[in-house]
Structure formats: structure tokens, C-alpha cells
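Engineer:
Numbering (the working numbering), first residue to last: 19 to 142.
#1: Where does residue 67 sit, in a helix, a strand or coil, going by DSSP?
#2: Return helix, strand or coil for residue 53, following the three-state DSSP convention.
#3: For a quick check, are the C-beta atoms of residue 87 and residue 104 less than 7 Å apart?
#4: Tell me, to the nearest whole angstrom, how far the beta carbon of residue 106 is from that of residue 113; I am working on the premise that it is less than 8 Å.
#5: Tell whether a beta-carbon distance below 7 Å holds between residue 64 and residue 102.
#6: Going straight from the alpha carbon of residue 33 to that of residue 135, what length do you get?
#7: For residue 76 and residue 99, I'd like the C-alpha separation in whole angstroms.
#8: So the beta strand (DSSP E) residue 138 belongs to, where does it begin and stop?
#9: Just to confirm, are residue 71 and residue 38 a CB contact at a threshold of 7 Å?
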């Protein structure tokens, strides 16, 4: 993936995260653009899910690898690795949520940010 000069740093990070998800066959990939929401804590949320904890962890590792290879950035914070039902990778301007399928339905993160512009991505 070649970095597009017109792409902001946070948009670029979100695209790298999406590529990492696609590499491990994450399901129902969405990117919420939060830049125009005043109460937002970051520019983008990237959300996906997988059917097993093993796949959730594999997706998280793939995202970290893709972003590190391209930018040498580590996540500022990581949560949920122990149980792998909802792993959060926080890159400050981009926050990635990797859910186990039932947890994504339960928490409904997309619904909490209904004002966000949503872009849907195909699984690889």
C-alpha cells in the first residue's frame, strides 16, 4: 500500500488497520469517521468481528504488524488481549475494535456513534 499524500495521517493509519483486518479475514469491517463530531475522542473508529478468540487475536496482531511495518508506531494502549472477546488497539487518532461476533452485537458500538459517517469494507 502506497501512502497517498492527500490522505491524512489518521486516515492512512485507518487504511493500514483495515488492510490488517482483511489479511486475517475479519468480518463486517466498518470505519466510522468521527472528525465532525464534537464529543469524539479520535478521528476514526475501525470495527470488525470474528467468530473465535483465536481469530480475534490474529486480527489484532495483523493490524499491529501492518501499522508498525509502515509507520514504526506501536499502539498507545491495548486492551482485551487476555480474553480476546473485544480487543481495543488505541492509536490515539484511530481506535480499532476487534470483537468476537456475539460481543459486537451486544455492545453495538456503531449505534453509539450514529452521527458518524460510515464506510463499509469488504473482507478479503
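Using N, Cα and C, we set each Cβ at its ideal position, and we do this for glycine too.
Structural biologist: So, from the listed chains and residues:
#1: strand
#2: coil
#3: no
#4: 7 Å
#5: no
#6: 15 Å
#7: 11 Å
#8: 135–139
#9: no
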